[in-house]
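Worksheet for the structure shown next.
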């Protein structure tokens, strides 16, 4: 088995990744598994529910999350985490950001020691205010620089349909990112590498919050001017936070920044946008959650954790603050919008 040269203190890993485990059988985890299968990799998915695992094994479908999608024959599934992880050369963590810690605590003893760890989660953890790679590094007891983060305009439904898409694979260890790049490249999915993990993770987390605001605006009947304003001012917010944390400003002009922001804010396939739209039409948080099949959009939790992170650093993020107050303090979206427009006048780049 060929392995990369070791740096001091770094774990070895396989350059030619063939066997991949995807932990999580939701829409994005399933779509990413399909990307890997279509790239010629052997994929084992872990599903919490045995009925979903059985459906994937027997019928090569996951109708609960990606109805109508035929999965490659190279994909199998199990509800046994130990069986799923056995022999994996890369492990893809595909569970929601706020449940990552709880899941990974149980999976830690089962992780193959030389597997590349890949994160699909986009968010900032409540309480600790850690990015997902930081949570993974802590619980898996690995160097944060070894974790590969996936970000970009990646709406699961479109990728599952084989529509052309690109993504960013961010890792401080560029060789690990390139190994995952080779394992995921196929005829419709084009991954790029990046070493700015901070910027890519912040872009992925913050865009969910801005998408909530765009959904609320749509729910209130507002048009393209408002959407464009929220997207560009939202981009300014995430760039300010990124700059404070040492991210590369160019990252926010790329796929993990503007690209992901535009897709998530504008598409009806975006859970955050549609969730916000329900709130904008006057539904309560509980009603919007019920309409979404009991699922809460990632931005609902992230608006609070990102707000707390920014506040501790002295970074002004007014849209994020407004989303927190709407989602968690009962402020009416129209009132929040009026307050944003009523803020003191300033230079665009200040």
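Residue numbers (full-length UniProt numbering): 1 to 350.
Every residue gets a Cβ at the ideal spot worked out from N, C-alpha and C, and that includes glycine.
Runs of alpha helix (DSSP H) wholly within the region 15 to 75 (minimum 4 residues, chain order): With a minimum length of 4 residues, the unbroken runs of alpha helix (DSSP H) contained wholly in the region 15 to 75 fall at 27 to 38 and 50 to 59.
Residue(s) in a DSSP beta bridge with residue 190: Counting from one through the chain shown, the residue named residue 190 turns up at place 190. In the DSSP output, where bridge partners are listed per residue, residue 190 has 166.
Beta-carbon proximity list for residue 155, same chain, < 7 Å, skipping 5 on both sides: On the chain shown, position 155 is the one that residue 155 refers to. Excluding positions up to five away in sequence, the list reads 263, 267, 269 and 270.
Residue 347, buried or exposed, once every other Cβ within 10 Å from all chains shown has been counted against 16: For the purposes of this step, residue 347 is taken as residue 347 along the chain shown, with counting starting at 1. Of the residues assessed, residue 347 falls on the exposed side of the cut-off, its CB having fewer than 16 other CB atoms within 10 angstroms.
Three-state secondary structure (DSSP) of residue 320: Numbered from 1 along the chain shown, position 320 holds the residue referred to as residue 320. It is helical.
Within-7 Å CB hit, residue 232 to chain D: Checking the listed chains, one finds no chain D in this structure; it contains a single protein chain.
Contact check, residue 301 vs residue 98, beta carbons under 7 Å: Here residue 301 is taken as the residue at index 301 of the chain shown, counted from 1. Here residue 98 is taken as the residue at index 98 of the chain shown, counted from 1. A Cβ-Cβ contact shorter than 7 Å links residue 301 with residue 98.
Exposure of residue 133, with buried meaning 16 or more beta-carbon neighbours within 10 Å: Walking along the chain shown from the start, residue 133 turns up at place 133. Classification of residue 133: buried, given that the 10 Å Cβ count is 16 or more.
Cβ-Cβ separation, residue 123 to residue 220 (assumed contact under 8 Å), whole Å: Looking up residue 220 in the chain shown gives position 220. Looking up residue 123 in the chain shown gives position 123. Contact doesn't hold; Cβ gap of about 26 Å is too wide.
At least 3 beta-carbon pairs within less than 8 Å: the region 200 to 217 vs the region 318 to 338: Yes, they touch.
Classification of residue 187 by the beta-carbon crowding that lies within 10 angstroms, buried from 16 upward: As a working note, residue 187 is residue 187 in the chain shown. Flag for residue 187 reads exposed.
Collapsed DSSP secondary structure at residue 331 in the structure displayed: Translated into the one-based positions of the chain shown, residue 331 becomes position 331. DSSP, read as helix, strand or coil, puts residue 331 in coil.
Separation of residue 70 from residue 11, as counted between CA atoms: Stepping through the chain shown from its first residue, residue 11 is reached at position 11. Stepping through the chain shown from its first residue, residue 70 is reached at position 70. Computed Cα separation, rounded: 36 Å.
Own chain partners of residue 129 with C-beta closer than 8 Å, once the 5 adjacent residues on each side are dropped: Numbered from 1 along the chain shown, position 129 holds the residue referred to as residue 129. Counting only Cβ-Cβ distances below 8 Å, and skipping sequence neighbours, we find 305, 308, 309 and 312.
Nearest to residue 355 (by Cα), restricted to the options 332, 225 and 167: Here the chain comprises residues numbered 1 to 350, so residue 355 is not present and cannot be evaluated.
Residue closest to residue 365, alpha-carbon to alpha-carbon, out of 120, 192 and 173: As displayed, the chain neither begins before 1 nor continues past 350, which places residue 365 out of reach and without an answer.
Other residues of its chain near residue 44: CB distance less than 6 Å, five sequence neighbours each side excluded: One-based indexing of the chain shown puts residue 44 at position 44. Closer than 6 Å at the Cβ level, and outside the excluded window around residue 44, lie 21, 76 and 84.
Pick from 68, 153, 299 and 254 that is closest to residue 125, judged by C-alpha positions: Counted from its first residue, the chain shown places residue 125 at position 125. Among 68, 153, 299 and 254, the Cα nearest to that of residue 125 belongs to 299.
Contacts around residue 39, its chain only, beta-carbon distance under 8 Å, and the 5 residues preceding and following it disregarded: The residue given as residue 39 occupies position 39 in the chain shown. 183, 184, 185, 186 and 189, listed in sequence order.
Where residue 109 falls, given that 16 or more other Cβ within 10 Å makes a residue buried: Against the chain shown, residue 109 aligns to sequence position 109. Taking all protein chains shown into account, residue 109 has fewer than 16 neighbouring C-beta atoms within 10 Å of its C-beta and is therefore exposed.
Complete beta strand (DSSP E) runs within the region 74 to 127 (minimum length 3 residues, chain order): Inside the region 74 to 127, DSSP marks whole beta strand (DSSP E) runs of 3 or more residues at positions 75 to 78, 90 to 93 and 116 to 119, from first to last along the chain.
Residue closest to residue 265, alpha-carbon to alpha-carbon, out of 223, 56, 343 and 287: Along the chain shown, read from residue 1 onward, the residue named residue 265 stands at position 265. The option with the nearest alpha carbon to residue 265 is 223.
Residues near residue 30 in its chain [Cβ-Cβ closer than 6 Å; skip 5 each side]: As a working note, residue 30 is residue 30 in the chain shown. Result list for residue 30: 62, 65 and 66, in chain order.
Backbone secondary structure at residue 148 - three-state DSSP: Sequence index remark: in the chain shown, residue 148 carries index 148 (1-based). Three-state result, residue 148: strand.
Buried versus exposed, by CB contacts within 10 Å (16 or more), residue 146: Position 146 of the chain shown, counting from 1, holds the residue named residue 146. With 16 or more other Cβ atoms from the protein chains shown falling within 10 Å of its own Cβ, residue 146 counts as buried.
Straight-line gap, residue 354 to residue 34 (C-alpha atoms, nearest Å): The structure shown has nothing for residue 354, since the chain only spans 1 to 350.
Length of the line joining the Cα atoms of residue 197 and residue 207: Translated into positions along the chain shown, residue 197 becomes position 197. Translated into positions along the chain shown, residue 207 becomes position 207. Take the alpha-carbon of residue 197 and the one of residue 207: they are about 16 Å apart.
Straight-line gap, residue 72 to residue 50 (C-alpha atoms, nearest Å): For the purposes of this step, residue 72 is taken as residue 72 along the chain shown, with counting starting at 1. For the purposes of this step, residue 50 is taken as residue 50 along the chain shown, with counting starting at 1. Whole-angstrom Cα-Cα distance: 19 Å.
For residue 104 and residue 138, the rounded distance between their alpha carbons: Within the chain shown, numbered from 1, the residue matching residue 138 stands at position 138. Within the chain shown, numbered from 1, the residue matching residue 104 stands at position 104. C-alpha separation (whole angstroms): 10 Å.
Three-state secondary structure assigned by DSSP to residue 278: Locating residue 278 in the chain shown gives position 278, counting from the first residue. In the structure shown, residue 278 sits in a helix (DSSP, three-state: H, G or I).
Range of the contiguous alpha helix (DSSP H) that encloses residue 352: Not covered by the structure: residue 352. The range shown for the chain is 1 to 350.
Coil, strand or helix - residue 244 by DSSP: To locate residue 244, count along the chain shown from 1; it is residue 244. DSSP places residue 244 in helix when its eight states are reduced to three.
Spatial neighbours of residue 218 in its chain, beta-carbon cut-off 7 Å, leaving aside the 5 residues before and after: The residue labelled residue 218 in the question sits at position 218 within the chain shown. Sequence-distant Cβ neighbours of residue 218 in its own chain, meaning closer than 7 Å and more than five residues away, are 277 and 280.
C-beta contact flag for residue 23 and residue 94 at 7 Å: For the purposes of this step, residue 23 is taken as the residue at position 23 of the chain shown. For the purposes of this step, residue 94 is taken as the residue at position 94 of the chain shown. Yes, the Cβ-Cβ distance between residue 23 and residue 94 is below 7 Å.
Counted within 10 angstroms of its Cβ, other Cβ atoms place residue 349 as buried (16 or more) or exposed: Your numbering for residue 349 matches position 349 in the chain shown. A residue is called buried when at least 16 other Cβ atoms come within 10 angstroms of its Cβ; residue 349 does not meet this threshold and is exposed.
Beta-carbon separation (whole angstroms), residue 260 vs residue 153, contact threshold 8 Å: On the chain shown, position 260 is the one that residue 260 refers to. On the chain shown, position 153 is the one that residue 153 refers to. With a Cβ gap of about 5 Å, residue 260 and residue 153 count as contacting.
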